[in-house]
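So the sequences go chain by chain: S, H, E and P.
Residue 9 in our numbering is what sits at position 9 of the first sequence, and the numbering runs on without skipping anything.
Residue 394 in our numbering is what sits at position 44 of the second sequence, and the numbering runs on without skipping anything.
Residue 625 in our numbering is what sits at position 163 of the third sequence, and the numbering runs on without skipping anything.
Residue 795 in our numbering is what sits at position 96 of the fourth sequence, and the numbering runs on without skipping anything.
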Amino acid sequence: MHFISPVLWQFLVNWLTHFALFPPEASGIAPYTDALYFFLVLISLVGLAIVALLIGLFSVLYRKERNPEATQIEGSTLLEATWTIIPLALFMVTFVWGALLYFRIYNPPTNAMNIYVVGKQWMWKAEHPGGQHEINALHVPINRPVQLTMISQDVFHSFSIPAFRVKREVIPGRYTTVWFTATQTGTYHIFCTQYCGTLHSQMIGEVVAMSPDEYERWTAGSTSGASLAQNGERLFASLGCGSCHSGTADSHGPSLAQVYGNKLQMANGSFVTVDDAFLRDTILNPTMHQVAGYAPIMPTYQGQISEEGLIDLVEYIKNLNSNYRVQQTLNTSQVQTTAPAAAGTGVVKQ
Amino acid sequence: MSEHKVNEVLDTEPTHHSEHIVSPKVYGVIFAALLVGTAITVAASYANFGIFNPIVALGIACTKAVLVILFFMHVKYSSRLTKLTVAAGFFTFIVLITMSMTDYISRAWGLW
Amino acid sequence: MHDAHAEHAHAPHLRHHFETVEQQREASSFGMWLFLLTEIMFFGGLFTAYLIYRNWYYPAFVVGSHQLSIFLGTFNTAVLICSSFTMAMGVHASELRKRKELVGWLVATLVLGSVFLGVKAIEYHEKWEKHHVPGLNFSVQEFTHPSDKYKEEPPLPMDMAQKTQVYFSLYFAMTGMHALHMIIGVSILLVLIAKAWAGHYTTGHMTTIENFGLYWHFVDIVWIFLFPLLYLISRHQ
Amino acid sequence: MSTATIVKLPPQETASLPKRSYLNNEYGLKSWLLTGDHKRIAILYLISITFFFFIGGAMAGLIRLELLTPQSDLMAMDTYNKVFTMHGIIMVFLFLVPSVPATIGNFLIPIMVGAKDLAFPKINLLSWYLYIFAGCFTLAALILGGVDTGWTFTTPLSTHYLNTHVITAGLGIFIAGFSSIFTGLNFIVTIHRMRAPGMTWFRLPLFCWSNYAASILMVLGTPVLAITLVLVVLERAIGIGVFDPAKGGDPLLFQHLFWFYSHPAVYIMILPGMGVISEVISTFSRKRVFGYTAVAFSSVAIAVFGFFVWAHHMFIMGVSNYSALVFSLLTMLVAVPSAIKIFNWAATLYKGSITFETPMLYAFGFMGLFTIGGLTGVFLGSLGMDIHLTETYFIVAHFHFVMVGGMLMAFLSGIHFWWPKMTGRMYPEGLSKLAALTTFIGFNLTFFPQFIVGYLGMPRRYASYPPEFQVMNVLSTAGATVLGVGYLLPMLYLTWSLKYGKIAGSNPWQATGLEWQIQSPPLTENFVETPIVDHEAYDYEWLAHQTEHEVQTVG
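Here it is in structure tokens:
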């Protein structure tokens, strides 16, 4: 076939290899999204067909040669009502369906495994609880809900995996979450879909969905030695958090053991459920989340801890079951005052 | 709404009754009321009404604004079109505020 | 509708494309109101921002507000209300076709407007001295460690103290936009006074004066809201 | 296709342009630059928006060329970013927003309501000068090195993370905003206050209704954009902290304020186009628009609902989910009036006497493409669907179907329809039909593949993309080439027709609007004497009666 034209040939080959009209359905949510999509495509086609048919039909039937004199018609309330109510009904169905889907996509199940994602110009950094760090890649096991807790270090980004039909804006200063269950092993695109500056189109990566066994192997093979919680513990000690949050009766700050997921009463009387976003925000804006019964003496750590460091801390506090080790660390660090210097990986270099 | 009525509502009344000249006495009374309102609002801010403090302050401010609009700006003596225009402005302003607030108020509801 | 062909007399101020003087008056008055509508929405964006951040950072707003001089604020409010009154009287004088009276009231409005701007300048200067201008000259020192001068204020924790920047950003944006409107108003007044002196607005054609009055009152109304929102947050604390 | 036509031109041998018209009552550059005549200002606008359209179009061409290959090889990535930003800014603020209102609307609204001019001719001229200033600022930003914020100016990217000419471009848009405020204000006052005797609200042509609705949006929405841009500029220039998350601001607030204008702006762009379509469909099917009141009120409904739906641009941006629910519901409601319009136009054809002149072809194009654009809008308004589709090429395709397939088709339809009125001469029918067809084919070829590539997940604003998306992008670029020809053609033959076109006479289409009852091109004062209106809009029986009467008196 080379006699046609090498360029054209290459183009044809490319086309046939990559020809795609539809993205792979690789997550639990994808069939639901696609179902709604097909429904919408269907009503669009029907709507378009009606309009095209009316125009075509009337153009033929009532063209000037066939119908030299127009018949004046004022209008019809019945018809107006028909084409108000039918589209409205269809749109309402779309609304309800879309809303259900939205809540399904943005409402993670409680048993989801959590992976942290930090977006920055122009890369994605994924942090697994076990301490595996990845850049522009994300390894996940299939058939297991995965929740991503995401934050941006600089500008708006948007984390999108078309094959999973999920997408969520990654915002500076606030955690957002998205979740999915991968169903097909394979490698899929990660895109940043919110324009974020010069190399926006290079802020791409790959999500690798693996079988659970393979995932286990990958996890074991790529750990950096310390889990996020361990990093968090070191950071916790080096920042001296333990001196107030020691869990003893006379401590200045509330005990953090098993605080995650609980309802806390705030100084202004309201109740707040402790989640990742709350933990992060209390470290940065402690007085805006004053727990009842404690004085507003906690300093802010704004600008002192990087987003990765905050993730370590959050992960540490989430997994803190007892204050035993906090108190231990407190005692040892009082003995060896030089120890924390080495642990400052999460601290912003000033 | 009948055709005739719409036209009447929107147009036939002039925007401004050139005949109607507000007497300086009215201006004087409004002027005094505005000054008194200012005094009250300052005084009220020193009293503690709890969550009602901003409400009182805004209530007084709205009253003062309404006085200015009705009398200094002659809306009381103007056509329905002018009144409608003023109302439309405040309506859109309220849409901007309330619809934005739907987001800010409910962000903390539930866990997402 | 406008059955006014009979009135098609050539009044001196009637522009060619209007049928009657009345139509012209109505049109320009309505146009002015529509312009004020855009002004409402212009400030509307700022008020929305204010409302949201006030709810988020209330303590910072309280402390920030306490940095403003309540005396100067009240004085300025009174000055603006006076200027609104003089403006209303100016329109009245124009309606009665009293030239000198009109000029007098307009001059009074001009003076009051300038006084307002002068006081505003003093306040801005004070903010600059106290390092309360976000972006250009800002320090939270005063809020975290109050000097002797402001002892009555309890110190703010650092995280909240930083949020006073939001308050002052809004303070400068809102009062700055208001002051800009005042400056435009005062500039227009200068022209109006000259024309009024020449007798332009006392011959029955007073739309310009009326419309300027509407503008001036609108600026006054904005201040009526800005004053309690910015100066009077929780003064009892 | 049919060969029947309703065009009635005066005998070309004897016909000539009127001795006196708005075009020749004064001469010289000064008489144009200082004019208060709404028709001359419309022409000024027409020339300037055409200029900016071709600049924006050139940018679009560059974008399509770059996307021909998956790599970023034609230009550097930041150049690409600047190109699509300038394309967006120029097309939205300097072309689409003023397109129909400031040219066709400016020319026709006073005539349609039976007035001699807009209520405030000087403000009208000021609005054009503001537009030119805005254009200068934008061009300055372009020449100095461009802006790469995207036309949405997302904070904190625009305020803290870029070192391009954001302030210059921001000021340009700020000024352009005031230009459109003044246009809108002028229209509202004119329609309320300047109508001829007998011209009641429900005798107004639907073009006036839709421009009236768009004007409301301009007057109430644009100031919010203005103050938002002021805050962005202040934040960038001196570092105040209203949107900056580092200082405690909420970057989402910027999105709220920005879209509070920019969503209604979509209706500012499309509503006047819908008005054009109403006029054209009625004229070429010789019938009163079906359900006049429904069409009129649906314009107003779109304008009112338009203010309640802005956060559907922010569904994935971290707005509260409950709030998203409310905005999605309201978005579904705003889709209904558009559907009503489409069905009413289709019903207008029923039992009409249809001919297929160029404006009608464009109008058919509009109906088809706007239907697709509108329905895909429902995809995006539906919460769950929006998650996958937003910020991909699907949304690019969607708004180009509405803006280019809808508005630009309507604009071209209107320009052809009123060209004889504006210039006194006809455009060449054969060439223009060819152009209409080329535009339609080119448009579909350009933008339809983008729906598919969007569903595949290709994000917008990407200079490079994975190779499997190339096929669709090649199709799209090929289509853009055809589309480019489709846009160049009218410019060439319309210019040609200024001198060589056939003399049109006052009413070549046998249309009913007041503008067709006066000479073309019109007198500076439009009407010799104020018309007294005693018939409904689109009353073809009245027109037939008039013509008969004229024939009798003349004969």
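Glycine included, each C-beta is placed from N, C-alpha and C at the ideal position.
| query | result |
| --- | --- |
| Under the assumption that Thr-442 of chain H contacts Leu-919 of chain P (Cβ atoms under 8 Å), give the Cβ distance between them as a whole number of angstroms. | 5 Å |
| Between the C-alpha atoms of Gly-387 of chain H and His-643 of chain E, what's the straight-line distance to the nearest angstrom? | 24 Å |
| Tell me whether Phe-421 of chain H is buried or exposed, calling it buried when 16 or more other Cβ atoms sit within 10 Å of its Cβ. | buried |
| Expressed to the nearest angstrom, what Euclidean distance is found between the alpha-carbon atoms of Gln-202 of chain S and Tyr-195 of chain S? | 11 Å |
| Alpha carbons only, please: which of H:Val-425, H:Gly-400, H:Leu-417, H:Thr-391 is nearest the one belonging to Ile-410 of chain H? | H:Thr-391 |
| Tell me the rounded alpha-carbon separation between Val-541 of chain E and Gln-603 of chain E. | 33 Å |
| On a CA-only basis, which of E:Gly-493, E:Gln-486, E:Tyr-693 is nearest Ile-887 of chain P? Give me that one, please. | E:Gly-493 |
| Can you tell me the Cα-Cα spacing of Leu-663 of chain P and His-1012 of chain P, whole angstroms? | Nothing about residue 663 of chain P can be reported from this structure: the residues present for chain P run from 700 to 1254 only. |
| So Phe-901 of chain P packs on Gly-871 of chain P, CB below 8 Å; how close in whole Å? | Not really, about 40 Å apart at Cβ, beyond 8 Å. |
| Give the secondary structure of Glu-481 of chain E by DSSP, where H, G and I count as helix, E and B as strand, and everything else as coil. | coil |
| Quick check: what's the CA-CA separation for Phe-680 of chain E versus Asp-736 of chain P? | 31 Å |
| Three Cβ pairs or more, each shorter than 8 Å: is that satisfied between the segment 152-159 of chain S and the segment 204-221 of chain S? | no |
| Taking all protein chains shown into account, decide if Phe-578 of chain E is buried (16 or more other Cβ within 10 angstroms of its Cβ) or exposed. | buried |
| So what's Glu-69 of chain S in DSSP terms, helix, strand or just coil? | coil |
| Going by C-alpha distance, which of P:Ala-1010, P:Phe-1014, P:Ala-1038 is nearest Ala-1000 of chain P? | P:Ala-1038 |
| Does DSSP classify Thr-181 of chain S as helix, strand or coil? | strand |
| Could you give the uninterrupted runs of the beta strand (DSSP E) lying entirely in the segment 197-242 of chain S, keeping only those of 3 residues or more? | 205-210 |
| Only counting runs of 4 or more residues, tell me where the alpha helix (DSSP H) segments fall wholly within the segment 610-668 of chain E, in order along the chain. | 620-659 |
| Closer than 7 Å between beta carbons: that is the criterion. Which residues of the segment 47-72 of chain S meet it against chain A? | Included in the structure are the protein chains S, H, E and P, with no chain A among them. |
| Would you please state the rounded distance, in angstroms, between the beta carbons of Pro-1158 of chain P and Thr-33 of chain S? I believe it to be under 8 Å. | With a Cβ gap of about 17 Å, Pro-1158 of chain P and Thr-33 of chain S do not count as contacting. |
| Using only the alpha-carbon positions, how far apart do His-528 of chain E and Val-418 of chain H sit? | 28 Å |
| Using a Cβ-Cβ cut-off of 8 Å, state whether Phe-351 of chain S counts as contacting chain P. | There is no way to answer for residue 351 of chain S, as the model of chain S reaches only from 1 to 350. |
| Counting only C-beta atoms, is Met-622 of chain E closer than 8 Å to chain S at any point? | yes |
| Listed in chain order, which residues of the segment 922-942 of chain P have Cβ atoms closer than 7 Å to some Cβ of chain E? | Pro-922, Val-923, Ala-925, Ile-926, Thr-927, Leu-930, Leu-933, Ile-937, Gly-938, Ile-939, Gly-940, Val-941 |
| Which same chain residues, not among the five before or five after Thr-1269 of chain P, have their C-beta less than 7 Å away from its C-beta? | Not covered by the structure: residue 1269 of chain P. The range shown for chain P is 700 to 1254. |
| Should Arg-280 of chain S be labelled buried (16 or more other beta-carbon atoms within 10 Å of its own) or exposed? | buried |
| For the segment 401-427 of chain H, which residues have a beta carbon sitting closer than 7 Å to at least one beta carbon of chain P? | none |
| Between the C-alpha atoms of Leu-36 of chain S and His-698 of chain E, what's the straight-line distance to the nearest angstrom? | 57 Å |
| Let me check understanding here. Comparing Cα to Cα, which of P:Ser-1022, P:Gly-1141, P:Met-1031, P:Lys-1201 lies closest to Lys-459 of chain H? | Before going on, a small fix: residue 459 of chain H reads as Trp here, not Lys. Ranking the options by Cα distance to Trp-459 of chain H, first place goes to P:Ser-1022. |
| For Gly-580 of chain E versus Leu-568 of chain E, is the C-beta spacing smaller than 8 Å? | no |
| Taking the DSSP output, what are the residues bridged to Ser-158 of chain S? | S:Glu-169 |
| When the distance is taken between beta carbons, is Leu-1188 of chain P closer than 8 Å to Ala-1134 of chain P? | yes |
| Please specify which runs of the alpha helix (DSSP H), each continuous and at least 4 residues long, are wholly inside the segment 820-847 of chain P, giving them in chain order. | 820-843 |
| When burial is assigned at 16 or more other CB atoms within 10 Å of the CB, is His-245 of chain S buried or exposed? | buried |
| Roughly how many angstroms lie between the CA atoms of Pro-1119 of chain P and Leu-1074 of chain P, to the nearest whole one? | 34 Å |
| Does chain H have any CB closer than 8 Å to the CB of His-955 of chain P? | yes |
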